[in-house]
């Protein structure tokens with residue numbers, strides 16, 4: 002995860018890509034701030050922040066009364082070289098991502114399209130029927146509006162990371178400057194969705210084919226056949242420093258996996274810092290976070306104890322609320338995508354690996370244990386052939402760890418009230434075999 006509201010960088014990178022690749026040349030003007038706000042559905046302050054970085058790096062000159070002026074000077078050969086320097090190292094990652102979009106991106110699009118309100122639907126149709134100059138490409142317009150209808154910041158975050166990496170939708174208006182407005186039928190939403198899906202596939206196929214051809218030619222032209230590849234990474238942008246949240250997720254997961262069982266003491270701060278490659282101060286802040294989750298308790302002169310009896314969660318903490326929001330959003334991400342992703346992983350896995358997963362899930366079901374989701378995510382992380390999917394699901398797996406303290410509280414409440422304390426989805430207090438939760442078998446209530 003990365004700190005800071007990183008969405009202003011989308012504005013910067015969008016127009017940087019267009020300027021460096023020749024879509025805008027010296028003397029052109031960018032769209033107005035108001036127009037850019039409408040294109041990206043972002044606030045004026047976010048747009049201005051992105052434009053200020055463009056100005057700082059010598060691409061544009063801003064004027065309070067006029068749209069920003071492009072001042073970057075380059076020859077046509079420079080534009081091609083700039084594009085090669087960006088795309089060639091990412092050619093395998095881009096190819097993988099485009100091939101895998103049916104597993105992650107398309108299910109999210111379809112879900113979002115069906116949740117659009119009437120007003121949002123009219124905005125979408127207007128934008129597609131009358132694309133103005135400087136608009137983003139049709140696929141990006143469609144995805145921005147549809148995914149926002151899901152009301153899930155994590156999904157929007159993930160989609161922008163995809164666009165930041167592949168970048169070619171930034172440039173597809175090469176052929177769309179003369180693209181006629183879509184002739185959208187007015188009969189039903191389902192028919193329009195079907196038409197848009199076909200148009201999306203057409204645009205993607207054309208743009209991807211051109212991009213693949215360019216990357217192969219440029220690799221030979223600029224002697225970049227053996228360039229070091231740049232792989233896709235899915236960062237989560239937050240207004241809070243995220244390193245300790247990432248470390249907290251790892252420690253929670255290792256409590257689940259019994260690396261740090263209930264009733265044991267964690268290693269010392271310097272030892273944890275060395276193990277996880279972070280500073281001692283980061284470890285200290287992480288343990289404070291885990292303490293507010295009720296998972297650990299510090300004892301002066303002894304160290305940090307993994308609680309057998311979970312303490313109360315500090316639900317008044319804005320930091321914890323942000324983390325639990327991401328946890329909730331990760332579950333929606335899984336609900337919308339896990340079926341095609343799991344099917345792909347099963348079809349790609351060796352028969353013995355698929356049989357082992359089936360056996361493990363059957364055992365967990367018989368024992369009424371709650372690690373089924375964990376085991377499926379582990380399986381996908383190893384067996385899914387798409388690096389893009391594995392990266393996104395690795396991010397989601399990290400976030401699902403934040404459900405663990407909530408599950409402990411639910412069990413504690415159930416036990417205190419004499420009700421059922423059965424496990425929730427994807428959470429457990431011990432490995433796949435052995436007795437149930439307790440002070441000797443995992444960090445959970447005795």
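Residue numbers (this note's numbering): 2 to 447. In this text, a Cβ means the ideal position worked out from N, Cα and C, and glycines have one as well.
- Within a 10 Å sphere around the beta-carbon of residue 387 sit 16 or more other beta-carbons, which makes this residue buried.
- Closest option to residue 159, judged by alpha-carbon separation, among 102, 410, 407, 393: 393.
- Inclusion of residue 339 and residue 406 in the CB contact set at 8 Å is not warranted, their separation being larger than that value.
- Under the 10 Å beta carbon count, residue 391 is surrounded by 16 or more other beta carbons and is classified as buried.
- When secondary structure is reduced to three states using DSSP, residue 97 falls in the helix class.
- Counting only residues of its own chain and dropping the five nearest sequence neighbours on each side, residue 167 has a CB closer than 7 Å to the CB of 95, 98.
- Residue 300 has 304 as its beta-bridge partners, per DSSP.
- The beta carbon of residue 324 lies closer than 7 Å to those of 246, 403 in the same chain, with the five residues before and after it left out.
- One alpha carbon belongs to residue 207, the other to residue 56, and they sit about 33 Å apart.
- For residue 225, the secondary structure class from DSSP, reduced to helix, strand or coil, is coil.
- The three-state secondary structure of residue 314, taken from DSSP, is coil.
- Bridge pairing for residue 30: 70 [DSSP].
- Residue 84 is a Cβ neighbour of residue 22, given a cutoff of 8 Å.
- Buried is the label assigned to residue 293, since at least 16 other Cβ atoms lie within 10 Å of its Cβ.
- In this structure residue 281 is exposed. Its beta-carbon is surrounded by fewer than 16 other beta-carbon atoms within 10 angstroms.
- Judged by DSSP in its simplified three-state form, residue 195 adopts helix.
- Residue range 154-167 is occupied by the alpha helix (DSSP H) that includes residue 164.
- Take the alpha-carbon of residue 244 and the one of residue 195: they are about 42 Å apart.
- Annotation: residue 100 to residue 276 spans about 37 Å, alpha carbon to alpha carbon.
- Positions of the beta strand (DSSP E) runs, each at least 3 residues long and wholly inside the stretch 34-64, are given as 61-64 in order along the chain.
- C-alpha of residue 13 to C-alpha of residue 165: approximately 10 Å in a straight line.
- Minimum Cα-Cα distance from residue 267 among the listed residues 297, 278, 290, 254 corresponds to 297.
- The C-beta separation of residue 204 from residue 262 comes to about 53 Å, leaving the pair out of contact by the 8 Å criterion.
- Sequence-distant partners of residue 254 (beyond 5 residues in either direction) whose C-beta falls short of 6 Å from its own C-beta, in its chain, are 402.
- No residue range can be given for residue 115, since it is assigned to no alpha helix (DSSP H) and is classified by DSSP as neither H nor E.
- Under the DSSP assignment, residue 145 falls in the alpha helix (DSSP H) whose first and last residues are 139-149.
- Looking at the DSSP output, residue 266 shares a beta bridge with 306.
- Under a 10 Å Cβ-count criterion, residue 71 is classified as buried, with 16 or more other Cβ atoms of the shown protein chains found around its own Cβ.
- Taking C-beta atoms as the reference points, residue 112 and residue 290 fail to come closer than 8 Å.
- Inclusion of residue 201 and residue 143 in the CB contact set at 8 Å is warranted, their separation being smaller than that value.
- The beta carbon of residue 128 sits closer than 6 Å to the beta carbons of 142 from its chain, once the five residues preceding and following it are set aside; these are given in chain order.
- For the 8 Å CB-CB criterion, residue 397 and residue 335 form a contact.
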